[in-house]
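Chemist: I am attaching a structure below and will ask some questions about it afterwards.
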Amino acid sequence: MEHLPDHLLSGYRNFMGGRYSTETKRYRELAATGQKPMTMVIACCDSRAAPETIFDSGPGELFVVRNVANLVPPYQPDGGHHSTSAALEFAVQSLKVKHIVVLGHGRCGGIQAALDPGAEPLSPGDFIGKWMSMVAPAADIVANNSMMTVGERQTALERISIRFSIANLRTFPCVKILEDKGRLSLHGAWFDISTGELWAMNRQSGDFERPGNG
Ligand SMILES: [Zn+2]
C-alpha cells in the first residue's frame with residue numbers, strides 16, 4: 014500500500030461529496046477568520062467515543078483533546094512534554110473557550126487498566142500504566158471494594174476520574190481565575206457506548222444524571 018488505506022480514501026471521498034460540499038461556505042469562513050470554538054472537550058482516544066459524533070458538531074465548534082481515559086494531569090510547570098496541558102493552555106488563553114467538558118465513557122480500557130495495575134505492561138515503557146497511575150489512589154480503593162461487581166467498579170472509577178480531572182483543571186491558575194470570574198465553566202459527562210445514553214455531572218453534587226431531553 015503506497016498511500017493511505019482504501020477505507021480512509023473512500024471515507025474522504027464521501028466527506029468531500031457530502032459534508033464538505035454542504036458546508037463549503039463554513040469551511041471557507043473558518044479558514045479566513047480562524048477558529049472560535051466556545052467549547053473544549055477532553056475525551057478518551059477510544060474509537061467509539063468521538064465527541065464530534067456524540068455532540069453532532071460541525072467544523073469549528075469543538076476544540077478537542079483526546080488521551081487515554083480522558084485524564085487531565087495536575088498543573089506541572091516543569092520541563093516535561095505535557096500535551097494535554099498545552100492544548101488546555103491554548104484553549105483557555107488564546108481561544109478563550111467558555112466551557113470545558115471532560116467526557117468519559119463506559120467500558121474504558123484505560124480505566125480497566127487502572128483497576129488492574131498488576132497486569133503485564135503492553136510494552137517495556139508501560140506508558141499506559143504510568144499515565145493511569147495518576148488515578149491510582151482512587152483506583153486502589155475502588156478495585157478493593159468487594160461489595161461492588163466488576164462492572165460497578167468500572168463505572169464508578171470512570172466517573173470518579175472525571176471528577177478528579179475537573180479538580181486537576183482547577184490547579185491551572187488560568188482556569189481557576191477565569192472560573193472564579195464566571196467566564197469559564199467546567200463540566201463532566203459520561204457516555205454509555207452500549208445504549209447511547211449521555212449522563213451529565215451535576216455541578217453541585219457531582220452525581221451523574223440524565224439530562225432532561227437525553
Ligand atoms: Zn476510554
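Heads up, this note's numbering is the position in the sequence shown plus 13, with the first residue counted as 1.
Glycine included, every Cβ here is placed at the ideal spot set by N, Cα and C.
These figures come from a predicted structure and were not determined experimentally.
(1) If you draw a straight line from the alpha carbon of Gly201 to that of Leu182, how long is it in whole angstroms?
(2) In whole angstroms, what is the alpha-carbon distance linking Pro86 and Gly24?
(3) Just checking Ala63 against ligand 1 - is the residue's beta carbon closer than 7 Å to any of the ligand's heavy atoms?
(4) So the beta strand (DSSP E) Gly201 belongs to, where does it begin and stop?
(5) From Trp212 to Gly92, what distance separates their C-alpha atoms?
(6) Assuming Met214 is part of the beta strand (DSSP E), what are its boundary residues?
(7) Secondary structure at Asn83, three-state DSSP: helix, strand or coil?
(8) Relative to ligand 1, what is the chain-ordered list of residues with a Cβ closer than 6 Å to any of its non-hydrogen atoms?
(9) Would you call the region 52 to 61 and the region 113 to 131 touching, i.e. three or more CB-CB distances under 8 Å?
(10) For Tyr148, write down the residues that DSSP places opposite it in a beta bridge.
(11) Rounding to the nearest angstrom, what Cα-Cα distance links Gly227 and Phe204 in this structure?
(12) Quick one: measure Cβ to Cβ for Ile206 and Leu170, integer angstroms, because I've assumed they're closer than 8 Å.
(13) Does DSSP put Cys121 in a helix, in a strand, or in coil?
Modeler: On the basis of the supplied data:
(1) Here the question's residue 201 lines up with position 188 in the sequence shown. Here the question's residue 182 lines up with position 169 in the sequence shown. If I take the Cα positions, the gap works out to 12 Å.
(2) As a working mapping, residue 86 is identified with position 73 in the sequence shown. As a working mapping, residue 24 is identified with position 11 in the sequence shown. When rounded, the distance between both Cα atoms is 34 Å.
(3) On the sequence shown, position 50 is the one that residue 63 refers to. Answer for Ala63: no, Cβ out of range of ligand 1.
(4) On the sequence shown, residue 201 is found 188 positions in, with the first residue counted as 1. Ser198 to Phe204 is the span of the beta strand (DSSP E), which, as asked, contains Gly201.
(5) Working through the sequence shown from its first residue, we reach residue 212 at position 199. Working through the sequence shown from its first residue, we reach residue 92 at position 79. Going from the Cα of Trp212 to the Cα of Gly92 covers about 37 Å.
(6) Residue 214 sits at position 201 when you count from the first residue of the sequence shown. Unbroken beta strand (DSSP E) run through Met214: Leu211 to Met214.
(7) Position 70 of the sequence shown, counting from 1, holds the residue named residue 83. Helix, per DSSP.
(8) Cys57, Asp59, Ala82, His118, Cys121, Gly122 and Gly123
(9) yes
(10) As a working mapping, residue 148 is identified with position 135 in the sequence shown. The sequence given here has Val at residue 148, not Tyr. In DSSP, Val148 forms no bridge with anything.
(11) Sequence index remark: in the sequence shown, residue 227 carries index 214 (1-based). Sequence index remark: in the sequence shown, residue 204 carries index 191 (1-based). Confidence is the limiting factor: at Gly227 the pLDDT is only 48, short of 50, which leaves the residue's position unreliable and the question unanswerable from this model.
(12) Mapped onto the sequence shown, residue 206 falls at position 193. Mapped onto the sequence shown, residue 170 falls at position 157. With a Cβ gap of about 16 Å, Ile206 and Leu170 do not count as contacting.
(13) For this step, residue 121 is matched to residue 108 along the sequence shown. Coil at Cys121, not helix or strand.
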